[in-house]
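To keep things clear, I will list the structure first and then write my remarks on it.
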Amino acid sequence: MFVRLSAAMAAVCLLGGGAFAQGSAKPTDPQIAHIAYTAGVIDVAAAKQALARSKNKDVRAFAEDMVRDHEAVNKQALALVKKLNVTPEDNDTSRSLTRQASEKKVELSKLSGAAFDQAYVANEVAYHKAVNGALETLLIPSASNAELKSLLQTGLKVFQGHEQHAEHVAAALK
Amino acid sequence: MSPGRSVFAFATMVAAINAVSAHAETIQITMDKMVFSPIEVSASVGDTIAWVNNDILAHTATAQNGDWDVAIAAKNTVSLVLKKAGTIEYYCRYHPNMKGRIVIVPK
Numbered sequence: 001m002f003v004r005l006s007a008a009m010a011a012v013c014l015l016g017g018g019a020f021a022q023g024s025a026k027p028t029d030p031q032i033a034h035i036a037y038t039a040g041v042i043d044v045a046a047a048k049q050a051l052a053r054s055k056n057k058d059v060r061a062f063a064e065d066m067v068r069d070h071e072a073v074n075k076q077a078l079a080l081v082k083k084l085n086v087t088p089e090d091n092d093t094s095r096s097l098t099r100q101a102s103e104k105k106v107e108l109s110k111l112s113g114a115a116f117d118q119a120y121v122a123n124e125v126a127y128h129k130a131v132n133g134a135l136e137t138l139l140i141p142s143a144s145n146a147e148l149k150s151l152l153q154t155g156l157k158v159f160q161g162h163e164q165h166a167e168h169v170a171a172a173l174k
Numbered sequence: 001m002s003p004g005r006s007v008f009a010f011a012t013m014v015a016a017i018n019a020v021s022a023h024a025e026t027i028q029i030t031m032d033k034m035v036f037s038p039i040e041v042s043a044s045v046g047d048t049i050a051w052v053n054n055d056i057l058a059h060t061a062t063a064q065n066g067d068w069d070v071a072i073a074a075k076n077t078v079s080l081v082l083k084k085a086g087t088i089e090y091y092c093r094y095h096p097n098m099k100g101r102i103v104i105v106p107k
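The listed protein sequences correspond, in order, to chains L and P. Counting from 1, position 122 in the first sequence corresponds to residue 122 in my numbering; the numbering is continuous, with no gaps. Counting from 1, position 8 in the second sequence corresponds to residue 8 in my numbering; the numbering is continuous, with no gaps.
Structure, rendered in structure tokens:
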């Protein structure tokens with residue numbers, strides 16, 4: 001599903017190619033803050049679903065890492081928007097992220113045991129890839145506030161680590 | 001206590017402090033943007049390692065051989081006294097990509 005998201009984001013980038021130069025298709029800082037925060041909330045929810053369903057030690061440890069890190073990054077994000085007096089603004093990307101996450105949650109709720117573990121971790125790999133791609137190519141370059149940009153860069157570093165960690169867990173499950 | 005004895009006690013105390021500081025060092029390793037820095041340090045038995053976590057995330061310094069497992073909360077510093085010689089490979093349990101090494105020589 002998140003492959004679809006990254007395809008959608010790529011399409012947005014391509015379609016907006018001309019508009020980017022004029023800045024009209026570029027997400028604003030309040031929108032970027034909303035997208036980044038939403039992406040974190042989604043991964044925490046997915047991890048909590050995994051903690052409720054999985055008995056695999058590595059999968060559970062990974063899920064605990066996701067809850068700890070994404071909550072820490074989002075706590076910083078909230079502190080930053082408060083400091084900057086910015087109200088995060090809902091937008092199409094946030095909405096499609098949330099919708100697709102709900103669909104995935106339903107899909108995963110029908111699985112258990114090793115099938116659940118594999119599907120959850122595979123989705124974590126794809127999800128982090130898509131979010132990291134969006135951070136690198138769209139969100140970080142579009143952010144105008146230096147502190148927001150810096151937090152997104154820190155987030156990217158953290159989430160790249162998650163992507164690799166998820167890949168290791170996925171490889172061990174095979 | 002006579003003045004002579006208190007001077008003696010003070011001198012003994014200073015000597016004791018000097019003995020400790022002459023041999024034991026504190027080596028600082030920072031954790032910044034998911035990296036241990038420096039990645040490798042050399043130390044002697046009795047030295048202290050102080051991990052300074054500058055990140056907004058919690059980390060651990062966990063020895064591969066199971067000798068120690070130190071949890072360092074975000075924006076915190078935690079110290080550990082090295083008790084055994086050897087080369088210790090360690091990592092962060094939460095972020096297994098973070099790796100470091102301490103080469104510990106006997107005192």
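Yeah, the Cβ is synthetic: ideal placement off N, Cα and C, and Gly gets one too. In this text the structure is predicted, and so the values were computed from the model without any measurement.
A contact is defined here as three or more CB-CB pairs under 8 Å, and the region 95-102 of chain P meets this definition with respect to the region 40-56 of chain P. In this structure, DSSP gives Lys26(L) a state outside helix and strand, which the three-state scheme calls coil.
At the C-beta level, Ala77(L) and Ala33(L) come within 8 Å of one another. Scanning Asp43(L), Asp58(L), Gln31(L) for the CA closest to the CA of Ala171(L) turns up Asp58(L).
Assignment of Tyr120(L) by DSSP, reduced to helix, strand and coil, places it in the helix class. For the options Glu124(L), Asp29(L), Ala50(L), the alpha carbon positioned closest to that of Asn91(L) is the one of Asp29(L). Per DSSP, reduced to three states, the secondary structure at Tyr127(L) is helical.
Between the region 154-165 of chain L and the region 104-123 of chain L, the count of C-beta pairs closer than 8 Å stays below three; the two stretches do not touch.
Note on Gly66(P): under 16 other CB atoms within 10 angstroms of its CB, so exposed under the neighbour-count rule. Annotated as proximal: Gly155(L) and Leu135(L), with beta-carbon spacing under 8 Å.
CA-CA distance, Val169(L) to Ala50(L), rounds to 13 Å. Residue Ile35(L) holds the alpha-carbon nearest to the alpha-carbon of Thr87(L) among Ile35(L), Leu138(L), Lys48(L). For Ala61(P), the secondary structure class from DSSP, reduced to helix, strand or coil, is strand.
Scanning its chain for C-beta atoms nearer than 7 Å, with the 5 sequence neighbours on each side dropped, one finds around Ala39(L) the residues Leu97, Val131, in chain order.
Not a single C-beta of chain L is nearer than 8 Å to the C-beta of Tyr90(P). Taking CB atoms only, Thr154(L) has a neighbour in chain P less than 8 Å away. By DSSP's assignment, Ser150(L) forms no beta bridge with any residue. Within the same chain, and ignoring the five residues on either side of Lys105(L) in sequence, the residues whose Cβ sits closer than 8 Å to its Cβ are Ala45, Ala46, Gln49.
Residue burial is scored here from C-beta neighbours: Pro106(P) has fewer than 16 other C-beta atoms within 10 angstroms and is therefore classed as exposed.
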